[in-house]
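**Student:** Pasting in a structure now, in structure tokens, and then I'll have a few things to ask.
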Amino acid sequence: MSSSKKILISILLCTALIFLPATQLQADTFDTIPFVIISEYNTTLNIGDEFQIYAVTSNGSLPTFKSSNSKVASVSTYGSITAKSAGTVTITAKINKAEAACRITVRKTTVDIQASKTSIEAGETLTLSAQTSNSSPVIWKSSPKSIAVIDENGVVTGKKPGKATITATANKSTASITITVKAPLISLNRTSLSLYRGQTFLLSAVVSSKLTPSWRTNKKSVATVAENGLVTAQKHGTAIITAVVSGVTKTCTINVRQPEITFDTYNITIKKGEQKKLNAAVSSGNTPVWSSSNLNVASVDASGNITGMQKGKAYVYAAEDGIKIRCTVNITE
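Under mature numbering (1 follows the signal peptide of the UniProt record, and there is no 0), the letters of the sequence shown match residues -27 to -1, 1 to 306, in that order.
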């Protein structure tokens, strides 16, 4: 037994002796009139608290401790009390027919939720914190989870627009807060765009929730889009590029135009074995694809150089993204 406990018990015993009538202080007093003195007769605890109660008996024997409701507070053989749930209980120290009782009130745990704000956007996160009167950990819950979810650390993630109730529970006590989830706002640097095949443009999105959008195209054969929003025109036609953030979309219409092609001349006459360059101007700046209707009469290379092969007539074509024009070539002897 520690010295502090010995001192306390001695004080309790002396106090008992002082208030006993002198006629009772006979040799057999402690044997014939048993009594119990305890160190506390009324106290209040929080759930989870432990409290030590001390008892002195007239004959020095160890009393029996008992709780009137061990679900509210339990007591050990040596008077150690553990508060378990809210309510009131009586702890009794007893020896023979003598007893002393201590009233224990166990307070209901209070829960308080702290939030820096109560509105977030879909895809955004918010960290909540909770304080309890007895420092107990809380269990978090969200309803409905389709609007917002919360993890064990109190981090809320908005899923889609709506309202969700976040509840913190500790020792059967709860506190709730309503979180409003809003749709994020998205704006693009362009809502429509005109390109030629092979040209690129970097679309950028400003998102109110600071989240990074995902990009998609409805027609990859016309225009593709990279993860960073870089659009590349593939061929003439129309495609829709969409930026997506938490189910919210913003679109840009891409028009891939067909180019215009012109020759510096549309009729060429050269002799067999001679060569002449045909110049083509393409509005897109792309290099056209050259071809000949009859390679036995006239051939043409990738730069538009025509070579007379034998006497006759042929057509030389320049094509780019679905547009094709021709030049008449006459080969003489």
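Even for Gly, the Cβ is constructed at its ideal location relative to N, Cα and C.
Just to confirm, are residue 312 and Thr105 a CB contact at a threshold of 8 Å?
**Tutor:** Given a span of -27 to 306 for the chain in the structure shown, any question on residue 312 remains unanswerable.
**Student:** Comparing C-alpha positions only, which one of Val262, Leu35, Thr17 and Gly258 sits nearest to Cys75?
**Tutor:** Thr17
**Student:** Enumerated in chain order, which unbroken segments of the beta strand (DSSP E) with a length of 3 residues or greater are wholly contained in the segment 106 to 134?
**Tutor:** Whole beta strand (DSSP E) segments, 3+ residues: 112 to 116, 121 to 123 and 128 to 131.
**Student:** Between Val229 and Ser182, which are expected to be in contact by the criterion C-beta below 8 Å, what is the C-beta distance as a whole number of angstroms?
**Tutor:** Contact flag wrong, Cβ pair sits at about 32 Å.
**Student:** Compute the beta-carbon to beta-carbon distance between Val128 and Thr98, rounded to the nearest angstrom, for a pair I have assumed lies under 8 Å.
**Tutor:** 6 Å
**Student:** For Pro110, which residues of its own chain have a beta-carbon under 8 Å away from its beta-carbon, when the five flanking residues on both sides are left out?
**Tutor:** Ala143
**Student:** List the DSSP bridge partners of Phe174.
**Tutor:** Answer is Val204.
**Student:** Which runs of the alpha helix (DSSP H), 4 residues or longer, sit entirely within the segment 46 to 87?
**Tutor:** none
**Student:** Which residues in the same chain have their Cβ closer than 6 Å to the Cβ of Ser89, if we skip the five residues on either side of it in sequence?
**Tutor:** none
**Student:** Where does Val9 land, buried or exposed, given buried means 16+ other C-beta within 10 angstroms?
**Tutor:** buried
**Student:** Straight-line CA distance for Ser108 to Asp22?
**Tutor:** 10 Å
**Student:** Using alpha carbons as the reference points, say which of Lys193, Ala178 and Val195 lies closest to Ser187.
**Tutor:** Ala178
**Student:** Since Ile150 and Ile93 should fall inside the 8 Å C-beta cutoff, what is the C-beta to C-beta distance between them, to a whole number of angstroms?
**Tutor:** The pair is not a contact, with the Cβ atoms about 12 Å apart (cut-off 8 Å).
**Student:** When DSSP builds the beta bridges, which residues end up paired with Val9?
**Tutor:** BP columns for Val9 point to Thr30.
**Student:** Could you give the first and the last residue of the continuous beta strand (DSSP E) run that contains Leu161?
**Tutor:** Ile159 to Leu161
**Student:** Helix, strand or coil, according to DSSP, for Gly180 in the structure here?
**Tutor:** The question names Gly, but residue 180 is Val in the sequence shown. Looking at Val180 - three-state DSSP - the assignment turns out to be strand.
**Student:** With distances taken from CA atoms, which of Lys297, Asn201 and Thr211 is nearest Glu233?
**Tutor:** The shortest C-alpha separation from Glu233 is found at Lys297.
**Student:** Among Phe236, Thr164, Ser264 and Asn69, whose alpha-carbon lies nearest the alpha-carbon of Ser31?
**Tutor:** Asn69
**Student:** Taking 7 Å as the cut-off, is the beta-carbon of Thr83 closer than that to any non-hydrogen atom of the ligand SAH?
**Tutor:** No copy of the ligand SAH appears in this structure; indeed no ligand is present at all.
**Student:** Below 8 Å CB to CB, which residues in the same chain sit around Arg170 once its five sequence neighbours on both sides are set aside?
**Tutor:** Ala206, Gln207, Lys208, His209, Val229, Pro232, Ser257, Asn259, Glu293 and Asp294
**Student:** Please state whether the Cβ-Cβ distance between Phe38 and Val48 is less than 8 Å.
**Tutor:** In this structure, Val48 lies closer than 8 Å to Phe38 by Cβ.
**Student:** In angstroms, rounded to a whole number, what distance separates the CA positions of Leu203 and Ala137?
**Tutor:** 37 Å
**Student:** Could you check what DSSP says for Ile20 in three-state terms: helix, strand or coil?
**Tutor:** Reduced to three states, the DSSP call for Ile20 is coil.
**Student:** Using CA atoms only, rank isn't needed, just tell me which of Ala216, Ile54 and Val221 is closest to Val79.
**Tutor:** Ile54
**Student:** For Asn15, name the three-state secondary structure that DSSP assigns.
**Tutor:** strand
**Student:** Between Cys300 and Leu251, is the Cβ-Cβ spacing less than 8 Å?
**Tutor:** yes
**Student:** Could you give the C-beta distance for Thr173 and Thr242, rounded to a whole number, given that I count them as a contact under 8 Å?
**Tutor:** Taking 8 Å as the upper bound for CB-CB distance, Thr173 and Thr242 are not in contact here, some 42 Å apart.
**Student:** Which residues in the same chain have their Cβ closer than 7 Å to the Cβ of Ser194, if we skip the five residues on either side of it in sequence?
**Tutor:** Gln207 and Lys208
**Student:** Val29: buried (16+ other C-beta within 10 angstroms of its C-beta) or exposed?
**Tutor:** buried
**Student:** Can you check which of these residues, Gly60, Lys57, Thr61 and Ala73, is closest to Ser12 by C-alpha distance?
**Tutor:** Ala73
**Student:** Does the Cβ-Cβ distance between Ser266 and Met282 come in under 8 Å?
**Tutor:** no
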